[in-house]
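Numbering of the sequence shown is given in UniProt numbering, commencing with residue 1 and proceeding in unit increments.
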Amino acid sequence: MFIKQSKILRNFLVLLVIFASFITGCSNKAKEQDNASVKDQSKVVTFSMTGDIGDLNPHTYFPNEFFSQAMVYESLVYYGKGGGIQPWLAESWDISKDGKEYVFHLRKDVEFSDGSKFNAAIVKKNFDTILDNRKQHEWVELINQIKNTEALDEYTFKLTLNNSYYPTLQELTYIRPLRFVGEAAFPDSQDTFKDGLKSQIGTGPWVLSEYKKNEYAVFKRNEKYWGTKPKVEKVVVKVITDGESRVLAFEKNELDFIFGNGVISQDSFQFLKDSGKYETKLSEPTATRTLLFNTNKEATKDHKVRLALNYAFNKQAVIDNIFYGMEKKADTLFPPVLDYTKIDINPYDYDIAKAEQLLDEAGWKKVEGKAFREKDGKELQLEFLFNSTDNIQKSIAEFVQGDFRKLGIDIKLTSQETNTFWTTAFQGNYDILFTSTWAVPFDPHSYLASITTDSENGGPDYTALLGLPEKKEIDEKIKKVLLTTDEKERKMMYTDILSTLHDQAVYLPISYQSNVAVYHKNISGLDFLPQEAEVPLTTIDVK
1 MFIKQSKILR
11 NFLVLLVIFA
21 SFITGCSNKA
31 KEQDNASVKD
41 QSKVVTFSMT
51 GDIGDLNPHT
61 YFPNEFFSQA
71 MVYESLVYYG
81 KGGGIQPWLA
91 ESWDISKDGK
101 EYVFHLRKDV
111 EFSDGSKFNA
121 AIVKKNFDTI
131 LDNRKQHEWV
141 ELINQIKNTE
151 ALDEYTFKLT
161 LNNSYYPTLQ
171 ELTYIRPLRF
181 VGEAAFPDSQ
191 DTFKDGLKSQ
201 IGTGPWVLSE
211 YKKNEYAVFK
221 RNEKYWGTKP
231 KVEKVVVKVI
241 TDGESRVLAF
251 EKNELDFIFG
261 NGVISQDSFQ
271 FLKDSGKYET
281 KLSEPTATRT
291 LLFNTNKEAT
301 KDHKVRLALN
311 YAFNKQAVID
321 NIFYGMEKKA
331 DTLFPPVLDY
341 TKIDINPYDY
351 DIAKAEQLLD
361 EAGWKKVEGK
371 AFREKDGKEL
381 QLEFLFNSTD
391 NIQKSIAEFV
401 QGDFRKLGID
411 IKLTSQETNT
421 FWTTAFQGNY
431 DILFTSTWAV
441 PFDPHSYLAS
451 ITTDSENGGP
461 DYTALLGLPE
471 KKEIDEKIKK
481 VLLTTDEKER
491 KMMYTDILST
501 LHDQAVYLPI
511 SYQSNVAVYH
521 KNISGLDFLP
531 QEAEVPLTTI
541 DVK
């Protein structure tokens with residue numbers, strides 16, 4: 001009898017457990033549905049970049065990325081469409097008659113993301129920590145021209161310059177280094193360049209909320225933002241170094257959009273465009289893809305060799321076969337649509353016979369039975385350095401290697417990830433460097449200014465051009481044009497500088513590059529911004 005009752009009791013308990021599990025499962029399922037419903041209500045967009053966002057310090061450089069710095073930190077003025085300078089953190093400004101004093105009237109409704117005030121005192125503090133490290137920022141000529149900073153009252157800031165400097169407002173729009181962090185972000189030493197930030201506190205529309213180095217970063221909307229708030233609540237940025245992997249992630253809906261330059265190959269862009277499944281856009285030309293020749297190396301310091309390489313490069317074949325005709329052939333260092341960049345020059349059109357003649361004259365002769373030219377028993381080998389995370393650079397480098405081989409030039413390809421690439425570039429350990437100009441608002445004046453300084457945060461051009469006999473003269477002309485107040489004289493000087501660089505054949509312009517955008521059909525507001533590096537995350541929306 002006891003055994004029988006025990007069995008009944010045990011069976012009852014089993015049924016009770018099953019029933020409880022069923023109720024719990026239903027409850028959990030309901031919770032999951034509720035959570036999914038909440039998740040569906042929040043708007044999140046996901047995209048990827050080739051590298052990590054860095055430590056988000058607007059006063060430093062690599063490995064920080066322009067786009068992420070622009071998400072969190074803002075400038076006194078903004079570079080608008082067509083190059084117009086717009087009020088931003090400064091509502092207005094006054095410029096003295098001699099062009100040496102700028103008085104900025106700041107917005108009174110701005111808070112940092114931690115709730116602290118944005119005012120003239122914090123503007124001065126940011127400027128002063130930047131100026132304490134002038135050497136690190138001297139590629140920005142404005143840094144060299146600043147004589148004094150003053151907080152005239154709570155919302156009035158004064159900047160005094162050594163000379164009248166015409167690009168002042170333009171350089172104040174730069175994404176780095178002249179942007180602002182809150183008081184609590186400063187390290188104990190107050191030196192943001194040397195000791196970094198305690199936290200990432202800015203006035204911008206986004207706040208970093210989650211981060212795993214070299215994997216992803218999550219930004220949430222800054223609810224204290226003074227301007228028009230973004231339409232989406234969160235942005236997820238994934239690190240994907242390979243272009244093909246990026247395309248696969250996009251096709252699997254792991255990414256909402258692809259944006260930028262060199263993030264995917266032109267083959268992939270054309271494939272996604274032709275599929276008809278996605279929306280695609282191509283920006284107006286922004287900067288110039290170019291090869292830079294190191295004038296300190298044995299072969300490329302020879303003017304005739306540099307000329308030969310210019311004549312030997314089949315730009316049209318690259319445009320047709322790699323870019324599918326989407327980019328325009330470049331013959332000048334800067335797109336001629338920019339201020340002061342339209343010059344009358346004789347382009348180096350594709351001419352193999354001319355290239356061979358110049359190489360012969362330079363002493364690099366073809367040797368029967370050997371694949372490569374020789375001079376004094378040494379083969380003509382040139383090391384070509386390019387960024388391994390840039391899919392377009394890789395395609396062009398491989399094209400150059402094959403095409404120049406026919407001419408008897410051995411091209412050794414060296415690909416490096418971004419940070420290593422720039423370290424090697426600044427050290428000058430290459431013969432040919434794949435680079436580009438900087439686009440607006442930097443071109444042409446800041447790019448040219450970087451030629452005159454060895455600042456490790458500027459460009460590698462300074463080192464690459466040291467072998468030019470004309471280097472000192474070029475530097476002096478660049479420094480002079482930046483301080484010229486006469487517009488007519490300024491135009492003439494820019495023409496002289498750019499013509500000299502063209503004649504020296506130290507650059508090989510390839511094409512005027514554009515940004516690409518590929519996105520799913522439920523995405524809207526993905527438009528190109530004036531600064532090439534900015535991603536339009538404040539206007540993007542998800543249906």
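Even for Gly, the Cβ is constructed at its ideal location relative to N, Cα and C.
Own chain residues within Cβ distance below 6 Å of residue i, not counting five before or after
i           : result
residue 543 : 522
residue 205 : 222, 225, 230 and 538
residue 305 : 299 and 362
residue 150 : 158
residue 301 : 295 and 467
residue 152 : 158
residue 495 : 343
residue 42  : 233
Nearest candidate by alpha-carbon position, reference residue i, set the options
i           : options               : result
residue 212 : 539, 390 and 51       : 51
residue 164 : 486, 515 and 474      : 486
residue 419 : 193, 387 and 131      : 387
residue 290 : 531, 507 and 497      : 507
residue 533 : 525, 524, 515 and 376 : 515
residue 499 : 341, 123, 107 and 247 : 341
residue 477 : 463, 457 and 451      : 451
residue 524 : 540, 241 and 168      : 540
residue 425 : 474, 402 and 292      : 292
N- and C-terminal bounds of the beta strand (DSSP E) containing residue i
i           : result
residue 326 : Where residue 326 is concerned, there is no enclosing beta strand (DSSP E), given that its DSSP letter is neither H nor E.
residue 221 : 216-221
residue 450 : Premise fails: residue 450 lies in the alpha helix (DSSP H), 445-451, not in any beta strand (DSSP E).
residue 517 : 516-519
residue 462 : No beta strand (DSSP E) holds residue 462; the alpha helix (DSSP H) holding it covers 461-464.
residue 86  : 85-87
Coarse secondary structure for residue i, derived from DSSP in three states
i           : result
residue 226 : coil
residue 381 : strand
residue 153 : strand
residue 439 : coil
residue 307 : helix
residue 126 : helix
residue 169 : helix
residue 186 : coil
residue 413 : strand
residue 93  : strand
residue 418 : helix
residue 541 : strand
residue 334 : coil
residue 29  : The predicted position of residue 29 is uncertain, since its pLDDT is 47 and thus under 50; no value can be drawn from it.
residue 35  : In this predicted model, residue 35 has a pLDDT of only 39, less than 50, meaning its place in the structure is not dependable enough to derive any value.
residue 474 : helix
residue 545 : The first residue shown for the chain is 1 and the last is 543, placing residue 545 beyond what the model contains.
residue 429 : coil
8 Å Cβ shell around residue i - same chain, five flanking residues per side excluded
i           : result
residue 331 : 345, 347, 348 and 509
residue 129 : 59, 186, 190, 191, 192 and 193
residue 490 : 166, 340, 481 and 484
residue 35  : Only weak support is given to the placement of residue 35: the predicted model assigns it a pLDDT of 39, under 50, and the value that follows is read from those uncertain coordinates. The answer is none, since no qualifying residue turns up.
Element boundaries [alpha helix (DSSP H), containing residue i]
i           : result
residue 361 : 352-361
residue 206 : Run containing residue 206: none in the alpha helix (DSSP H); it sits in the beta strand (DSSP E), 206-212.
residue 533 : Run containing residue 533: none; DSSP gives neither H nor E here.
residue 395 : 391-405
residue 499 : 487-504
residue 142 : 141-145
Any non-hydrogen atom of the ligand NAP closer than 7 Å to residue i Cβ
i          : result
residue 45 : This structure lacks the ligand NAP, and indeed carries no ligand of any kind.
Close beta carbons around residue i, own chain, < 7 Å, minus the five adjacent residues each side
i           : result
residue 322 : 266, 395, 396 and 399
residue 262 : 390, 391, 392 and 393
- Message: Restricting to runs no shorter than 4 residues, where is the alpha helix (DSSP H) found entirely within the region 225-303?
- Response: Runs found: 243-251 and 266-275.
- What are the uninterrupted segments assigned as beta strand (DSSP E) that are 3 or more residues long and contained completely in the region 95-122, given in chain order? Counting whole runs of 3 or more residues, the region 95-122 contains the beta strand (DSSP E) stretches 101-106.
- Contained beta strand (DSSP E) runs [length at least 3] in the region 50-79, N- to C-terminal order: Correct list: 77-79.
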